[in-house]
Amino acid sequence: MGEGSDIDPADETASTRRRRPDGEDPDQEFGDLLSGALLDLRQAIHSRFDSETAAGSARVKGTADWVALVEELRRRAPALGMAERSGHVDDFGLDEQTIRHVRPMLEYLRSHYWRVDVAGIEQLPTEGPVLFVANRSGILPYDGLMISHVVAESISERRRPRFLVADWLITLPFVQPYLARLGGVRACRENADRLLRTGRWVVAFPEGLKGAGKVFRQRYRLKRFGRGGVVRVAIEARIPMVPVAVIGAEEAHPVLFKMETLARSVGASFIPVTPTFPLLGPLGLLPLPSKWSIRFGAPIETEHLGAKKAQDELLVSRMTEELRSEIQSMVDVDLHSRVGVWG
């Protein structure tokens, strides 16, 4: 249940393999090494100019500024350049201050850049946890971020959903802290279950990596929903599932083809080739201004089933396929009714 995997335990592979056996955090270790190196540099600057002063030379103007700069870099090194947190950070890292800072940009993307049309949001439950299940669109998690923003702005910031993010993306250097501050959570069954049982709303993408890596000619054709992890979690938590259809996001980052041989040499599943990436370098990561729509379907209740039904493989398989078919139907209807890719 996420961008790169369903929420079944068997799907948790990449981040588990990369975790150090002694429990150390590689980013923290790197920050400590950098901090130590900057401390040595600061001491070297002091010793050099102190010796010049002792020999009768005038202290070079600006030396104090260099020392202060190095000291500031050393102080920030353990955080790898991240800004100070607001103090209002939940167990999964969502930062209220960061949300306030990026809200104008998110609203600009919604209202002016992607011009998102929203439908069906009035059907959402007024209380209790909710599991949103959406079609996966593109490599980067713009769809999850935009669904989360639309719900928060339309209903309540208190109801901002957490969107599940694939292992391969959330373990990239510097990516995890920023996604966590915006509401991104590593996609695994334990995280989804914990979020739902504490009353939070969650957005899942059960197509996994197969959905994220679809080439342009396969756009909007939903892949198989893993092994039924989303349905199983919903039944066990006795919460409703809300199907969500996202249109336009697949044109924001159209994948023309994938380079898999080269990707394996660097430990990746594939390297996407889009009209702008890698041709334009980092600028190629910017999404195109396609016209979006986000439609929320009627909630699918599970409370009446009972938690034990989560072990009924036939029931879970049937409900999973029905859920996938419902989202595919919603996608097809919205594709047929839209005027054009660019609005």
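Numbering (numbering that gives the first Met the number 0) for the sequence shown: 0 to 342. Just so you know, even glycine gets a beta-carbon here, dropped at the ideal spot from N, CA and C.
- Cα atoms of residue 123 and residue 296: separation of roughly 9 Å, rounded to the nearest angstrom.
- In summary, residue 263 is exposed, with fewer than 16 beta-carbon neighbours lying within 10 Å of its beta-carbon over all protein chains present.
- Sequence-distant partners of residue 230 (beyond 5 residues in either direction) whose C-beta falls short of 6 Å from its own C-beta, in its chain, are 315, 318, 319.
- Rounded to whole angstroms, the gap between the alpha carbons of residue 247 and residue 324 is 19 Å.
- Residue 256 is classed as exposed because its beta carbon has fewer than 16 other beta carbons within 10 Å across all chains shown.
- Cβ neighbours of residue 309 within its own chain (closer than 6 Å, five residues either side excluded): 231, 234, 235.
- Taking residue 283 as reference, the option from 291, 271, 237, 293 with the minimal CA-CA separation is 271.
- Here residue 339 is exposed, its C-beta having fewer than 16 other C-beta atoms within 10 Å.
- For residue 94, the three-state secondary structure derived from DSSP is strand.
- DSSP places residue 198 in the coil class of the three-state scheme, outside both helix and strand.
- In this structure, residue 131 lies near residue 241, with their beta-carbon atoms less than 8 Å apart.
- Under the three-state reduction of DSSP, residue 271 is assigned to strand.
- Judged by pairs of C-beta atoms under 8 Å, the region 177-184 does not touch the region 213-230, as fewer than three such pairs exist.
- Residue state for residue 130 is assigned as strand, using DSSP reduced to three classes.
- Inter-residue distance for residue 299 and residue 280 is about 43 Å (C-alpha atoms, whole angstroms).
- Annotated three-state conformation of residue 242 is strand, per DSSP.
- Under the three-state reduction of DSSP output, residue 292 falls in the strand class.
- Checking the DSSP bridge columns, you'll see residue 162 partnered with 183, 202.
- For residue 249, the number of other beta carbons within 10 angstroms of its own is at least 16, and it is reported as buried.
- Going by C-alpha positions, residue 237 is about 7 Å away from residue 305.
- Under DSSP, residue 151 takes part in no beta bridge, so it has no partner.
- Taken atom to atom, the span from the alpha-carbon of residue 156 to that of residue 307 is near 33 Å.
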